[in-house]
């Protein structure tokens, strides 16, 4: 199989592309169902996110009169989704796939992860809606809060792995996973515990769920940037969100717990791990607590996750 | 015959001295009664007789007899003329006598003539006998008597001058009815005056009579004061009389003759083979400036009162200046020295106003006093050597006792210092220069002060010689030290006073003090190089200051005002004169490419070469002060509206010609300094050979101009000229000029190294784009050609900088690029704020350049070469303190240029006020000269090996580069955060620029293969992207006339292309993969982490988030959201704007998809710089272990997105898009304005935190407007 074909497959089919989309929708379905159970409801079928997409696909595309530019209004969800599908292809599944360096390394992934936020902001802004603008403003504030910690977390892991491998640093996801498979997961490395803690705070914020769903708070700003989106365009956003869940959770696993046997079984184990992360780390949290205000969230991130991440990096460098 | 054996002769002499002194004091106290003054004064003269007789000896006896004879005649004249005046006025009180010059011109003139004769002013020879007596005292060792006599002479000079001023020159104070003229007195006075004149010109008969009378045998012991005058002197001297005579009947003929005489004098001086180099140099300066002065005076003095008197004294002054230089013995030297003072005194008081008379009084008294002191030294020298001849003195003076020698030197020095205006003897200068007619103030400042310098060089450095000066030291302090100290004090005093001066001519006068201070301080260094440097500046300052005064005179003549503030906008009415004034101002600030730069460069060079860094620093600081007050005037002339009378027009022809000739000299002196240096260097050689020192090795002072810079420079001139006819063509021509320059760079590419060639190509290419944009941006502005021209000059400087291989070119073009041309482009809008901020920017640039220059001078003088590569070779063996000082100061300057902390751009300027094409160019291109310089000099100066010598290394990096990297990393965070909180359209961008420059500088200072490659990638990417953003901002500002983001909103509907361009460039700059802005940042991140600088890496990554916030804020506030009223009236940008923006975006796209386009040349550059080149191929991926290909990623993302497009169903059954009202919770009556979320409301929490952290008290520039 030539490199080009391999790249195409990884981006279009597996582990990105179709697989990531399907798996992401499944995770979303599980999330909704589990949340319903926790709230004492029956909940929708597991495939409900897929049904939603189909339904949205049959709606007409609507653009508000105040939108600044139709093309940009409709193109942004597509850009976000494409970026996430590409990012999903970069997520290593321990024992099953290793990321091709041609897709980019960990640093590229970190910046790809910012794209959904960016497209949401542009979407909110370009729609001409006041709620969209407020959502945009909140999203940026939140990003300013959580990007610092994630950069530090990534740096800490990269330095820790790189030094252990006899280099200065490595941003190769494949190498980070390989290292853990040989020397044990980073989760069990006390030096990286603060980093892990910071990551735990990072991903709900990045995924935009309670208590950090401030930009899209439907009870406050009517889903913020998404308020004017409907039909297929909204569907694209939903897909983006689903794939993003795969990317963020997958990144977490790759960085801290890439523990799975090789072969098809490994894929199953990985999927289960992802599901557990989703249900425990996302669903339980979002059902269990309420939303923060933006200033609270900002202050919170500037305190604890940042502190933890800085501490982690410092410990890594000193150790 | 006069044998008085009963009295001790010495006692007699002392009696005489005491009598003389108290007599003169009594006469002074007897004022204002003319009768009593003359009486006491006459009686006091008896003191001289007693001294002469008491001292005895040939000189004493002969002197006493001659004094008696002289006094009989001259006193008789004074008494006769005075009596006539008193009896006709019927009062002896000076208050009544004032104005006699008008009432009784003949008698008053005779009286004045008599007074000057009595005073002993050459050439009236009253001094001859007096000085013979003093000489006798000195010769016999009675110095004290001579000193008392000298002091008494000074006292007498004071009241004599008061008499002359009050009686002959002042207007009358109270009306006087004249009595009938007494018979006979006037004829008697006339006869006596004639006798006085004859005695003055042919003293020999009287001398012989005195010799005979005293039966003196030893005739040789009588000093001979004078030698025949040089024939050159006779031309202006006789000319003066001719003009005076002709002028009474035919003023036009007089003017023509004046020019002929002046040119003849100049020609004779130029052809005279007998002059030694020092004399020749000064004779040429004096004659040259005089000729220009004469031309200027033709129209300036046309119709003025007392014009004939003016011409008479002007030519006498010219003659005495030439005489001074042609003198080869001290007698003539002194005679001309006195004449110079005396004639120029009459020119100073030309207006006869009280102010002029007071200034003239101080001037005359101080200079005459100084001359008397000098005379004391002359007599002392003769007493010791028996000769006045320079040649003989040069032989014998070095053998004198140190104490005597030192006394002689000090006496001479005082005389010279007063003339040069050195502190603390400067009081006359700022008084006299401004009140004189402008035609005289120019030469007063330009050449008369230089007579003092001439004296120092000729008498002290050449005749006495540097070696002897060292020997003649008081308590270890030799003259050199005195010169340096007083020079520096004068410099400081002059600059400070000039800073606070509001009257133009007074400001210029104080500036003269400062410049003379520089000259003298450098002269004090006492090397051949220093002599060359300071004399070169003498030449240049003569031209520059004379021009400035002449132009100022024209302004005053045309407007009738004197204050700088009254000349606002005069540049519009008097373009040539004011233009030349501006040119001379730039030159005198020491900015290239004019003559002042060359000599200032050489002076700093000379100071540093001698290890006198403090003097070099002081010179540079002085330049800064000069920049402040000179630029202020230029700004007033050109960048303020003209509100005065419509009648004001260009100066008369002869004045314009004079000013233009001087301007040409200034330009030639800057472009071909060797042409003027050829006159100067023989003097340095002469001084050196007298002292047995090595001759000076001068650096090549000419800037090396690449063809492209010449093209751009000439093109700028053409742009300006064409602009007088057609603004549109001037704009197009500027674009063509840029393209031509680009072509020239490509043709002459061998002249550039790889790095610089790439930079130069970008400089001109982006320049062409921005100028294209500017043609549309300025379509409804004013004075566009001026802007096009200055921007083109600025770019010419940048191109020249790229080609520079030696220190002079490097620093010279650096200054062209970042000083006056830039300033003129920035202050284009002519508002107060623009002038203020433009000046601030200029000032900081000059400070940075000064640092850089000082460092370069330190390194270059230590290496003994101006060649940059040569310095690099010498650096590895250079003494460590020198190397460290040099490198640190050079790099400090470079880091300042990149606007890094702590000298950020927000302190430097508020760029919103400059036309956007130029502020974009500054941000995108010009400031890159900082990182470019760091990289170029780092490698040229020997790279890591040399830099590691300066304080070792940290983490594998030379610590100095580590410091720069740290500064850059902090700047990224600081400026990034600032950009987030700004609300000014351009302020957001400019802070972002500083932030991005931090990336470039950080990466380049890492010095690793990947780091430098990443830095250079970002260098280009940021250039393309930031320029795009600025051009967009410009388009927005033109479309809306807004300057704050809050005034905008919803523009994207009206300007969709502009909006799309902005969004692309902004997001790319913020680091959205896989766009070009991200790829270069990715390399920088990698390089930071891989070289172990993880903190830098984290800072760089966080910084890009700030950029994102700033860009999105801008995009939202300007283009998206609900439209404002302004936005609804806006239109899409014109093609002239869209095309440059489009070209930039396409370029960004291309280098984004194919980084090899940049990486291949970068790898070549790295190889040339001596670094390991990064792996690069045209179609290949990014370098590094984990190198990926942004093109591949882009294609993959596109392929992922394509299958999803149909999902949007845009074409399905013609469904298309349905338009709906935006959701407003049911409210239907909300105006768009009311629902807008403006720039000020975005990111409230982070903004508050950033503001709290960065600006707790201080408000950023423009913040008042934000809140208004």
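Chains as they are written, first to last, in the numbering used here: chain R, 3 to 321; chain F, 71 to 1338.
Note that CB positions come from ideal geometry on N, CA and C, so glycine has one too.
C-beta contact flag for residue i and residue j at 8 Å
i              : j              : result
residue 209/R  : residue 160/R  : no
residue 1173/F : residue 1043/F : yes
residue 1292/F : residue 68/R   : yes
residue 57/F   : residue 1228/F : Any answer about residue 57/F is impossible in this case: the structure gives chain F only from 71 up to 1338.
residue 989/F  : residue 1056/F : yes
residue 1119/F : residue 1308/F : yes
residue 1184/F : residue 1058/F : yes
Host alpha helix (DSSP H) of residue i (start-end)
i              : result
residue 1019/F : 1013-1019
residue 1093/F : 1079-1110
residue 1176/F : 1164-1184
residue 562/F  : 549-569
residue 807/F  : 797-817
residue 854/F  : 854-873
residue 962/F  : 950-967
residue 213/F  : 213-234
Cross-chain neighbours of residue i in chain F, by beta carbon under 9 Å
i             : result
residue 113/R : 1141, 1142, 1143, 1148, 1151, 1152, 1171, 1174
residue 64/R  : 1287, 1288, 1289, 1290
Assumed close pair residue i, residue j - CB separation to whole angstroms, cut-off 8 Å
i             : j              : result
residue 212/R : residue 295/R  : About 13 Å separates the two Cβ atoms, so there is no contact after all.
residue 487/F : residue 603/F  : Not really, about 20 Å apart at Cβ, beyond 8 Å.
residue 606/F : residue 672/F  : 6 Å
residue 870/F : residue 886/F  : 7 Å
residue 135/R : residue 1191/F : 6 Å
residue 994/F : residue 1100/F : 7 Å
residue 953/F : residue 1019/F : 6 Å
Proximal chain R residues relative to residue i, where beta-carbon distance stays under 7 Å
i              : result
residue 1315/F : 143, 296, 297, 300
residue 1160/F : 170, 171
residue 1191/F : 127, 130, 135
Delimiting residues of the beta strand (DSSP E) encompassing residue i
i              : result
residue 1260/F : First-last for residue 1260/F: 1260-1271, but that is the alpha helix (DSSP H), not the beta strand (DSSP E).
residue 92/R   : That residue, residue 92/R, is in no beta strand (DSSP E); its alpha helix (DSSP H) goes 72-92.
residue 1289/F : 1287-1290
residue 64/R   : 63-66
Beta-carbon neighbours of residue i, restricted to chain R and to distances below 8 Å
i              : result
residue 1277/F : 59, 234, 237, 238
residue 1126/F : 71
residue 1052/F : Within 8 Å Cβ-Cβ: nothing; residue 1052/F doesn't reach chain R, min ~15 Å.
residue 1156/F : 109, 173
residue 1167/F : 157
Which residues DSSP lists as bridging residue i, in chain order
i              : result
residue 941/F  : Paired residues: none, contrary to the question.
residue 459/F  : 399/F
residue 95/R   : 99/R
residue 544/F  : 547/F
residue 103/F  : 163/F
residue 1054/F : 1114/F
Partner residues on chain F for residue i, Cβ-Cβ distance less than 8 Å
i            : result
residue 88/R : 1263, 1266, 1267, 1270
Neighbour list for residue i in chain R, Cβ cutoff strictly below 9 Å
i              : result
residue 1120/F : 68, 70, 130
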